[in-house]
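Enquirer: All the letters of the sequence shown, read from the start, carry residue numbers 639 to 828 under our numbering.
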Amino acid sequence: MAAEFGVTAWGRVWLRTIEQTSTSGRNPSLPTARTLARGGGVTFTDISAGTLAAQVTAKGKTSTVVVSVPLWDKKQSDIVARLIRASGTTNRSVSTGELPDSVVADLRARDITVAVDLSECSATCDCSSRRTPCVHHLAAIYALSGRIDEEPALAVTLRTKQGRKRNSTTKKERGEWIPLREIDVATFYS
Numbered sequence: 639m640a641a642e643f644g645v646t647a648w649g650r651v652w653l654r655t656i657e658q659t660s661t662s663g664r665n666p667s668l669p670t671a672r673t674l675a676r677g678g679g680v681t682f683t684d685i686s687a688g689t690l691a692a693q694v695t696a697k698g699k700t701s702t703v704v705v706s707v708p709l710w711d712k713k714q715s716d717i718v719a720r721l722i723r724a725s726g727t728t729n730r731s732v733s734t735g736e737l738p739d740s741v742v743a744d745l746r747a748r749d750i751t752v753a754v755d756l757s758e759c760s761a762t763c764d765c766s767s768r769r770t771p772c773v774h775h776l777a778a779i780y781a782l783s784g785r786i787d788e789e790p791a792l793a794v795t796l797r798t799k800q801g802r803k804r805n806s807t808t809k810k811e812r813g814e815w816i817p818l819r820e821i822d823v824a825t826f827y828s
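1) Quick one: what's got a C-beta closer than 6 Å to I656's C-beta in the same chain, skipping five residues either side?
2) Jot down the residue ranges of each uninterrupted alpha helix (DSSP H) in the segment 739–817, minimum 4 residues, whole runs only, in chain order.
3) According to DSSP, simplified to helix, strand and coil, what is K699?
4) Pick from A724, L756 and V754: whose alpha carbon is nearest that of V741?
5) So, are the CB atoms of T825 and I685 less than 8 Å apart?
6) Opposite L653 in the DSSP bridges: which residues?
7) Does the Cβ-Cβ distance between P790 and L737 come in under 8 Å?
8) Grab the span of the beta strand (DSSP E) containing T594 for me, first residue to last.
9) Buried or exposed, going by whether 16 or more other CB atoms sit within 10 Å of the CB of S766?
10) Could you tell me which residues DSSP puts in a beta bridge with D845?
11) Using alpha carbons as the reference points, say which of C763, R768 and R797 lies closest to A692.
12) Taking T673 as part of the alpha helix (DSSP H), name the residues at either end of that continuous run.
13) On the three-state DSSP scale, how would you describe V718?
14) Contact check, S706 vs S783 under 8 Å by CB: the rounded distance?
15) Hey, how far is the Cα of V651 from the Cα of Y827?
16) According to DSSP, is D822 part of a helix, a strand, or is it coil?
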């Protein structure tokens with residue numbers, strides 16, 4: 639995972655949901671949450687349409703966080719798909735999950751948000767904290783921002799109804815790449 643978060647426009651919009659500037663001041667849990675995410679304390683168990691689930695380990699104790707994210711409606715999903723297809727005609731890496739930052743600007747121009755405010759999400763955590771959002775929830779969003787920086791298509795998967803799990807990699811998702819273990823060495827050169 640990246641040492642910094644929000645290095646792409648896709649990750650930055652998710653990062654802004656927790657690092658908003660407000661008149662009430664910064665959330666004091668943010669530094670701890672960043673440390674947990676940077677230190678590998680967040681393990682995703684599910685990133686799929688409308689759901690983000692993670693195990694967050696802090697001080698030797700693991701908490702389960704589940705965040706439900708509102709999905710785009712059909713019209714918004716169709717616009718997103720059309721913009722991604724259009725960017726794929728000029729950029730071959732789109733098929734492997736790399737999406738140009740310009741698509742975020744195009745979506746913003748059409749009033750389609752990539753990330754939603756935390757108040758629009760419902761989240762559960764089995765920790766005993768009374769703070770909302772808790773440090774585990776914040777750490778999961780930081781880690782999500784980092785994962786989206788690495789694979790921007792996750793941002794679309796999270797908001798699209800027909801999205802599929804991205805934790806398991808199939809040949810179709812990998813594009814033109816295949817793992818070496820799938821190559822039969824006996825027949826490769828024949």
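For each residue, glycine too, the CB sits at the ideal point set by N, CA and C.
In this text the structure is predicted, and so the values were computed from the model without any measurement.
Expert: Short version:
1) L776 and I779
2) 740–747, 773–788, 791–797 and 809–812
3) strand
4) A724
5) no
6) None; L653 has no bridge partner.
7) yes
8) The structure shown does not extend to residue 594, since the chain is modelled only from 639 to 828, so the question has no answer here.
9) exposed
10) Nothing can be reported for residue 845: it is not among the residues displayed for the chain, which extend from 639 to 828.
11) C763
12) L668 to R676
13) Looking at V718 - three-state DSSP - the assignment turns out to be helix.
14) The C-beta separation of S706 from S783 comes to about 18 Å, leaving the pair out of contact by the 8 Å criterion.
15) One C-alpha to the other measures close to 47 Å.
16) D822 falls in the coil class under three-state DSSP.
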